[in-house]
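Q: Numbering (the numbering used here), first residue to last: 1478 to 1926. Got a structure for you, written out below as C-alpha cells; questions coming shortly.
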C-alpha cells in the first residue's frame, strides 16, 4: 500500500511530482490548522468572544513549542532523504529509529516546560483578567498533548522523506473530523467550554499519531519501525540536530516575535484579540500552501543532493517558486475578496469583523513575499544548510518586529499600524535570504553532505 504513494524524486519531470508532493502536504497543514480553527469557531459561536480570545492568546506560545518539533522533524526528513538519495539504507534505518525516540524525549520535555512557563508568560503578555483563566486552562491541557504531537510530526517526516505525503494527510483528516465532533459534543452536550475543546484537540492529535505509528510498524523496507531496535544513533542525532535545530529556531523566532506582537494586541483589548484569533486561523491556512511547497523543495533537494545531481536541485527550487507563486496569487485574491464573510464565520461582532479584515489585508496581500522566503529557506535546508536562514530570520524578522513595536506602534498605537510590521519584516528577510542562497549555490562544491 505504501509503495504506491511514493514519488520518484530523482527522475522524470519535476512540476507534476512537486505538485503531487506539495498539495497533500499543504492539505495536511490545513487539517492541522483545522483543529485550531474548530476550537476558535465553536468557542466563538457557542461560548463567546472572550473564550475565543483565550485560544487566540495561546497561538503564538503554542507555535513557539510546536515549531521546535517542526524544525527537528525537518532535520530528520533531510537526513533520511539524503541517505535515500545516496542509497545508504542502513543509515536510513538508523535515522528512522533515532527520529522516533527523539520525538518522544523532546515531547515530554516540552510538556514540562510549557506547564512551567504558563504563569510567567501570561504575566509578560498582560493577558486581560476576563480572558486569563480560560487561556491558562486551554494551554495547560494542550501541553499534555505535546508528546503525541511531536511523535506525529516526526512520523510524518519519515513518510515524506520517501515521497509519501498522502498517508500523513489521511491520518490528520481522520483526526480533524474527530476533533470537530468532540468539540461539539464537549461544548454543546457537556458544557465544558474551553476545557472541552482543549481535550478534544489532545485526543485528536493522539489518534493521528497512532495511525502513523501503525503505518510505520506495517511498512516494509528501510522505514519499518521495530520497537526493539529503538535507540539514539549518535551520528544520525548529530546531523538531525545540526539541520533541524536551526530550522526549529527559525520557526521559534517567528513565534517569539509574534508573542511580542500578541502582547501589543492584548493592550488593544478583547476585540482586537478575538479579531486576531479569527484572522490568524484564516491566514495560517494560506501559509500551509507556502509551507507545503517549501517542504517539497527541502525533500526534493535533499534526495537529489544525496544522489549528487546539483542541476536538478536548482531546477527544484525554480519550479517550486513558479508553481507556488501562481497558486498563492489565486488563493490570496480569493481570501481578500471574501475577507468579511470569512471573519464573520468565527464571530458576528461588528468590531471583531472590522479588525479581522484589516489584519487579513495587511498579511495576505504581501504573502507572495513569504512564498519566496519559504522556498529559499527550504532549498537551503535540503542542501543541509540550516544555520544561515535561521540567523537571517532572527536578525530581520525578530529584530524589525521588536523595533517596530517599540517605535512605530508606540507612536501610532493602532491595530493597522501594528499589522503593517509583517510585510516590512518579510521584505527585508526575503532580500537577505536571496543573497545567502546565491552565495551558497556558488560555493556548493565546497559543501559536503
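From the three backbone atoms N, C-alpha and C, an ideal C-beta is built for every residue, glycine too. Bear in mind that the values here come from a model prediction, so they are computed numbers and not experimental data.
Examine the Cβ distances between the segment 1877–1893 and the segment 1854–1865 and report whether three or more of them are shorter than 8 Å.
A: Touching, no, given that fewer than three Cβ pairs across the two stretches are closer than 8 Å.
Q: Which value, in whole angstroms, describes the spacing of the CA atoms of residue 1862 and residue 1541?
A: Straight-line Cα distance between these residues: approximately 22 Å.
Q: Identify, in the order they occur along the chain, each residue of the same chain with its Cβ nearer than 6 Å to the Cβ of residue 1505, setting aside the five sequence neighbours on each side.
A: Excluding sequence neighbours, residue 1505 sits near 1645, 1646, 1649.
Q: Under the rule that 16 or more other beta-carbon atoms within 10 Å means buried, what is residue 1814, buried or exposed?
A: Burial call: exposed.
Q: Please state if the CB of residue 1573 and the CB of residue 1700 are separated by a distance shorter than 8 Å.
A: It is a contact, given that the beta carbons lie within the stated cut-off.
Q: Confirm, please, whether the CB-CB distance from residue 1850 to residue 1910 is below 8 Å.
A: Against a cut-off of 8 Å, the Cβ pair of residue 1850 and residue 1910 comes out as a contact.
Q: Kindly indicate which residue of 1628, 1859, 1886 has the alpha-carbon position closest to the one of residue 1467.
A: Given that the chain is displayed from residue 1478 to residue 1926, the structure contains no residue 1467 and the question cannot be resolved.
Q: Suppose you measure from the CA of residue 1782 to the CA of residue 1555; what does that come to, to the nearest Å?
A: Going from the Cα of residue 1782 to the Cα of residue 1555 covers about 10 Å.
Q: Alpha carbon to alpha carbon, how far is residue 1486 from residue 1777?
A: Straight-line Cα distance between these residues: approximately 6 Å.
Q: Would you call the segment 1704–1715 and the segment 1661–1678 touching, i.e. three or more CB-CB distances under 8 Å?
A: These segments do not touch.
Q: How big is the Cα-Cα spacing for residue 1829 and residue 1490?
A: Roughly 47 Å separates the two Cα atoms.
Q: Given that a residue counts as buried once 16 or more other Cβ atoms are within 10 Å of its Cβ, and exposed if not, what is residue 1526?
A: It is buried - the Cβ of residue 1526 has at least 16 other Cβ atoms within 10 Å.
Q: Counting only the same chain and skipping the five closest in sequence on each side, list residues whose C-beta sits under 7 Å from that of residue 1605.
A: For residue 1605, where only same-chain residues beyond five positions count, the Cβ hits under 7 Å are 1743, 1747.
Q: Flag this pair as yes or no: are the beta carbons of residue 1845 and residue 1812 separated by less than 8 Å?
A: Cβ distance not < 8 Å, so residue 1845 and residue 1812 don't count as in contact.
Q: Would you check if the distance between the CB atom of residue 1727 and the CB atom of residue 1867 is smaller than 8 Å?
A: Contact flag set, yes.
Q: Leaving out five residues on either side along the sequence, give the residues of the same chain with a beta carbon under 6 Å from the beta carbon of residue 1789.
A: Only 1781 meet the Cβ criterion.
Q: Using a 10 Å radius around the Cβ and a threshold of 16 neighbouring Cβ atoms, would you call residue 1493 buried or exposed?
A: That one is exposed.
Q: Kindly confirm or deny that the segment 1612–1623 and the segment 1561–1575 touch, where touching means at least three C-beta pairs closer than 8 Å.
A: Judged by Cβ distances under 8 Å, the segment 1612–1623 makes no contact with the segment 1561–1575, as fewer than three pairs qualify.
Q: Identify, in the order they occur along the chain, each residue of the same chain with its Cβ nearer than 8 Å to the Cβ of residue 1631, setting aside the five sequence neighbours on each side.
A: Here the set comprises 1546, 1549, 1550, 1553, 1576, 1577, 1579, 1580.
Q: Tell me which residues share the same chain as residue 1763 and place their Cβ nearer than 8 Å to its Cβ, disregarding the 5 neighbours each side in the sequence.
A: Answer for residue 1763: 1805, 1808, 1809, 1812, 1841, 1844, listed in chain order.
Q: What does the alpha-carbon distance come out to for the pair residue 1939 and residue 1688?
A: This structure gives no information on residue 1939, because the portion of the chain shown stretches from 1478 to 1926.
Q: Using only alpha-carbon positions, find the residue among 1623, 1686, 1665 that is nearest to residue 1652.
A: The candidate whose alpha carbon is nearest that of residue 1652 is 1686.
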